[in-house]
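K.L.:
With the first letter of the sequence shown counted as 1, position 2 gets the number -15 in our numbering; the numbers rise by one all the way through.
Beta carbons are placed, not taken as given, at the ideal position from N, Cα and C, and that holds for glycine.
Take this structure first; my questions come after.
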Amino acid sequence: MQAIGIDIGGTKIAGGVVTEFGEIVDEERVATPAGDAGAIVDAVVDMITSLQARHPEVVAAGVAAPGFIDAAQSTVYYTPNIAWRNEPLRARLSERLDLHITIDNDANAAGWAEFRFGAGRLASDMTMLTIGTGVGGAIVAQDRLLRGGFGTGGELGHMRIVPDGLPCGCGARGCIEQYGSGRALLRIAGEVADEGGVGRGLADLRAESGELSGHDVSLLLQSGDAGAVEALRRLGTWLGQAAASLSAILDPQVFVFGGGVAQSGELLLAPVRAAYLQHLPARGYHPEPEFVIAELVNDAGVVGAADLARLHAGDR
-16 MQAIGIDIGG TKIAGGVVTE FGEIVDEERV ATPAGDAGAI VDAVVDMITS
34 LQARHPEVVA AGVAAPGFID AAQSTVYYTP NIAWRNEPLR ARLSERLDLH
84 ITIDNDANAA GWAEFRFGAG RLASDMTMLT IGTGVGGAIV AQDRLLRGGF
134 GTGGELGHMR IVPDGLPCGC GARGCIEQYG SGRALLRIAG EVADEGGVGR
184 GLADLRAESG ELSGHDVSLL LQSGDAGAVE ALRRLGTWLG QAAASLSAIL
234 DPQVFVFGGG VAQSGELLLA PVRAAYLQHL PARGYHPEPE FVIAELVNDA
284 GVVGAADLAR LHAGDR
């Protein structure tokens, strides 16, 4: 049973036909017309129509979108970078497509893909943190995606970890997104550069280019630069502290880390584990989860959206 998955990102819309085993057998990509909400709907309709024409056997299509999605997987309450406010997205798509449609949060879709086919596939309870420009999250509890009573659960990036901490785009202060994201890594790298010592490499690169970029820090991490590794250690320490609090509430068997920063692999996971153990309540008596890197990377949103749509269609 094949289904179509669509992942709406900030720069591109990715779509694919996905088998029940999580394999993408056909795919398309187009640039996201981010400034025009109507054009995004048109692009999604065109992509689903094109994929369905080549694969008439598909049973459903799932759309993964950023922002808050209601519990009925129908309405986009709010999307930060698209002018969708209480947008009846499923209805708009369904009136133009002859296919069962579901809508889900993009982080939930990616997390579901990792749970079903990737790094969390051997667990019943998994928590995923996506470390990109911001911090996304997904929670699977007892083999079910946890969406919350209103559908907006799992926004792990906005768990507050520092009282009266750094201001966040969500309006609160001290969210983990301000301490454990790609943007946070750049800020921390700048702080390490200012301190001198191990930050000399960061400081030299900043002086050469005018400012540090994510690509700069990534290159220094790959070369083993002590300052870049220290910046990542500090970021991982915040994430490990957050994971300890999440573990006390959710008790996952595995934490999966995705997103661009997670491609640092063990350089990230080592400080995460150390901080987790330091802050874990009842350490020594609390079972310890695994900490792993996501496996599906850029395909996760498409695969997860398709699988959720296929399961939803089967439940009708």
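In chain order, which continuous runs of the alpha helix (DSSP H) of length 4 or greater are located wholly inside the segment -15 to 23?
P.N.:
Listed in chain order, there is nothing to give.
K.L.:
For His83, which residues does DSSP report across the bridge?
P.N.:
Answer by DSSP bridge pairing, in chain order: Ala43.
K.L.:
Select from His295, Ser247, Leu252 and Val237 the residue whose C-alpha is nearest the C-alpha of Ser107.
P.N.:
Taking only the C-alpha atoms, the option nearest Ser107 is Val237.
K.L.:
Helix, strand or coil for Ile144? Go by DSSP, reduced to three states.
P.N.:
Note: Ile144 maps to coil in three-state DSSP.
K.L.:
Does the distance between the C-beta of Gly120 and the nearest non-hydrogen atom of the ligand PLP fall short of 7 angstroms?
P.N.:
The ligand PLP is absent from the structure shown, which contains no ligand whatsoever.
K.L.:
Considering only the alpha carbon of each residue, which of Asp234, Ala124 and Trp221 lies closest to Leu252?
P.N.:
Comparing Cα positions, the closest option is Trp221.
K.L.:
Going by alpha carbons, who is nearest to Arg354 out of His38, Asp53 and Glu6?
P.N.:
As displayed, the chain neither begins before -16 nor continues past 299, which places residue 354 out of reach and without an answer.
K.L.:
Would Val28 pass as a contact of Leu105 if the rule is Cβ separation under 8 angstroms?
P.N.:
No; because the gap between Cβ atoms is not below 8 angstroms, this pair is not in contact.
K.L.:
Using a 10 Å radius around the Cβ and a threshold of 16 neighbouring Cβ atoms, would you call Met(-16) buried or exposed?
P.N.:
Result: exposed.
K.L.:
Within the same chain, show all residues whose beta-carbon is closer than 6 angstroms to that of Tyr162, passing over the 5 residues directly before and after it, in chain order.
P.N.:
Cβ neighbours of Tyr162 beyond the five flanking positions: Trp221.
K.L.:
Roughly how many angstroms lie between the CA atoms of Val175 and Ala209, to the nearest whole one?
P.N.:
Each residue's Cα considered, the two are about 10 angstroms apart.
K.L.:
Considering only residues of the segment 218 to 274, which uninterrupted beta strand (DSSP E) runs meet the minimum length of 3 residues and lie entirely inside it, listed in chain order?
P.N.:
With a minimum length of 3 residues, the continuous beta strand (DSSP E) runs that stay inside the segment 218 to 274 are 237 to 241.
K.L.:
Check whether the Cβ atoms of Val244 and Gly(-12) sit closer than 8 angstroms, and answer yes or no.
P.N.:
Against a cut-off of 8 angstroms, the Cβ pair of Gly(-12) and Val244 comes out as no contact.
K.L.:
The beta strand (DSSP E) that contains Glu70, what's its start and end?
P.N.:
Here the beta strand (DSSP E) through Glu70 covers Arg68 to Glu70.
K.L.:
Ser201 to Gly241, Cα distance in whole Å?
P.N.:
Looking at the two C-alpha atoms, the distance is approximately 15 angstroms.
K.L.:
Ignore the nearest five residues each way along the sequence and tell me which others in Glu213's own chain have a CB closer than 6 angstroms to its CB.
P.N.:
Excluding positions up to five away in sequence, the list reads Val175 and Val181.
K.L.:
Label Arg68 either buried or exposed according to how many other C-beta atoms from any shown protein chain fall within 10 Å of its C-beta, with 16 as the threshold for buried.
P.N.:
So Arg68 ends up on the exposed side.
K.L.:
From what residue to what residue does the alpha helix (DSSP H) around Ala106 run?
P.N.:
Unbroken run through Ala106: none, as it is neither H nor E.
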